[in-house]
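Heads up, the sequence shown is in the numbering used here, so the first residue is 3 and it goes up one at a time.
Ideal Cβ placement from N, Cα and C applies to all residues, glycine included.
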Amino acid sequence: MKSAMGGAHALLTVGFEPGTSAAALKVLKDKLSDGWSESFGAGHTTADGKRPDVVVKSGEWSGTLKGQVVGSAEGGTHKAVAMKQDAKSLGAPCKGCQKIQNPVMDVDFADPVVVRDGSTYFGFATGSSVVRRTSTNLQQWSPREDTITTVPGWQENSGNKGLWAPAVYRAGNGKWVMYYAAQVDGPSEQRCIGKARSDSPGGVFQPDGKFICDNRWSIDPSVFSHGKKDYLLWRQDTAAQPSGTIYIQRLDGKGDLTQGAKQLLARSDAASSWEFDAKGGVMENPAMVLRDNVYHLFYSANRWETAKYGNGHAVCQTAMGPCKRTSVKKAWRGSKGAMKGPGGADVVKTPDGTTLMYMHGWDGAHVGPDDKEAHRKLWIFRLKINGKKAKLKPY
Numbered sequence: 003m004k005s006a007m008g009g010a011h012a013l014l015t016v017g018f019e020p021g022t023s024a025a026a027l028k029v030l031k032d033k034l035s036d037g038w039s040e041s042f043g044a045g046h047t048t049a050d051g052k053r054p055d056v057v058v059k060s061g062e063w064s065g066t067l068k069g070q071v072v073g074s075a076e077g078g079t080h081k082a083v084a085m086k087q088d089a090k091s092l093g094a095p096c097k098g099c100q101k102i103q104n105p106v107m108d109v110d111f112a113d114p115v116v117v118r119d120g121s122t123y124f125g126f127a128t129g130s131s132v133v134r135r136t137s138t139n140l141q142q143w144s145p146r147e148d149t150i151t152t153v154p155g156w157q158e159n160s161g162n163k164g165l166w167a168p169a170v171y172r173a174g175n176g177k178w179v180m181y182y183a184a185q186v187d188g189p190s191e192q193r194c195i196g197k198a199r200s201d202s203p204g205g206v207f208q209p210d211g212k213f214i215c216d217n218r219w220s221i222d223p224s225v226f227s228h229g230k231k232d233y234l235l236w237r238q239d240t241a242a243q244p245s246g247t248i249y250i251q252r253l254d255g256k257g258d259l260t261q262g263a264k265q266l267l268a269r270s271d272a273a274s275s276w277e278f279d280a281k282g283g284v285m286e287n288p289a290m291v292l293r294d295n296v297y298h299l300f301y302s303a304n305r306w307e308t309a310k311y312g313n314g315h316a317v318c319q320t321a322m323g324p325c326k327r328t329s330v331k332k333a334w335r336g337s338k339g340a341m342k343g344p345g346g347a348d349v350v351k352t353p354d355g356t357t358l359m360y361m362h363g364w365d366g367a368h369v370g371p372d373d374k375e376a377h378r379k380l381w382i383f384r385l386k387i388n389g390k391k392a393k394l395k396p397y
């Protein structure tokens with residue numbers, strides 16, 4: 003609903019006066035602005051204990067609605083009663099209000115990467131091919147589509163093997179580059195990082211070939227960009243370190259590795275008690291954020307199929323390290339509320355410069371691949387950094 007006070011995004015729950023018929027509610031709903039949708043909620047009550055017939059949840063709010071006549075139907079007018087508002091005052095623009103409801107997808111979207119091009123967000127995730135969905139508001143997403151339609155010769159041509167944990171970014175030459183992990187054709191079960199290119203994040207990505215193929219597994223690529231410098235981070239497994247090490251290396255303007263050597267940032271550590279349980283654990287899914295000359299390394303650890311999986315945090319002196327964990331005895335962000343076993347965290351900026359952190363997580367009591375109702379869904383938060391400390395807030 004618009005007013006002369008100007009718009010501000012917020013979450014506002016509004017109740018109509020009791021006794022409003024369904025026909026009248028339809029008329030009133032049609033009078034509301036496009037950002038609104040209705041949700042019948044008999045369990046909601048107004049401040050004076052009355053039960054409205056309907057509540058309306060808004061993605062955009064302008065000015066005060068309390069007591070405001072929102073329309074007329076069946077010969078009478080109907081007033082809105084504000085029931086819940088994340089701002090301190092209904093008469094002032096809302097700052098820091100929750101804009102989205104998590105999880106933002108009700109389907110599998112594991113090991114996500116989200117990039118923005120203009121006003122459109124492009125989300126990519128693990129799948130039989132790298133899957134893609136798009137959104138303009140981070141809440142409603144388009145149907146799934148595959149992004150890689152050609153299987154290169156080195157790659158196992160079997161959908162159940164999957165393409166894992168993509169990374170997508172715009173290289174210095176303007177091309178969009180995707181990195182992903184795939185199983186090598188043959189009995190070895192080796193996984194390598196492949197590379198593909200496209201003219202746009204919404205186009206078909208054409209594979210280039212194997213990109214990083216060292217030791218047993220090279221997986222979980224992630225791109226960190228600062229100024230004109232781009233870096234690739236990934237998980238590297240060796241026979242001596244089967245539970246994961248995190249490496250980083252510079253990229254050139256085409257998305258290829260530079261001649262400089264890769265640098266070790268972190269390795270899995272049983273001394274970090276939350277990263278392991280009786281059945282083991284891993285360190286994977288790295289991501290890096292620079293804020294006020296402090297490099298923040300985020301990673302996932304423990305076992306992905308359980309609620310013990312979580313996101314860790316370390317602080318690095320430079321992009322190439324050295325790094326020191328801040329999450330030693332417990333996860334930086336582990337299972338909390340409905341989100342269980344979160345992982346694969348990374349960041350994207352909104353058009354106004356807000357840094358958002360997204361990740362996958364099991365939803366509620368349904369955890370693990372043996373539960374047919376379980377899905378690793380997409381969750382999005384605001385990332386707040388102060389010095390060497392980082393925390394998540396609702397967005």
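In the structure shown, E277 adopts helical secondary structure according to DSSP, grouped into three states. For A268, the enclosing beta strand (DSSP E) stretches over residues Q265 to R269. Contact between the region 273-289 and the region 223-242 is established, with three or more Cβ pairs separated by less than 8 Å.
Per DSSP, reduced to three states, the secondary structure at Q208 is strand.
For W276 and K379, the gap between their C-alpha atoms comes out near 22 Å. Bounds of any beta strand (DSSP E) do not take in E307, whose DSSP letter is neither H nor E. Of the candidates M180, P353, D373 and A321, M180 places its Cα closest to the Cα of V206.
With respect to the C-alpha of A376, the residue from A309, L358 and K395 having the closest C-alpha is A309. Taken through DSSP and simplified to helix, strand or coil, W178 comes out as strand. By the beta-carbon neighbour count (other beta carbons within 10 angstroms, threshold 16), T149 is buried. Cβ-Cβ separation between H315 and S329: approximately 5 Å, consistent with a contact (criterion under 8 Å).
Taking a contact as a CB-CB distance under 8 Å, the pair I221 and A169 does not count as one, their CB atoms being some 11 Å apart. Note that the region 343-359 touches the region 379-390; at least 3 beta-carbon pairs, one per stretch, sit closer than 8 Å.
Here R146 has V133 and R135 as same chain residues with Cβ atoms under 7 Å from its own Cβ, once five neighbours each way along the sequence are excluded. The shortest C-alpha to C-alpha distance from N304 to any of V186, S337 and H298 is the one to S337. A Cβ-Cβ distance of about 4 Å is found for the pair N313 and R335, placing them in contact under the 8 Å criterion.
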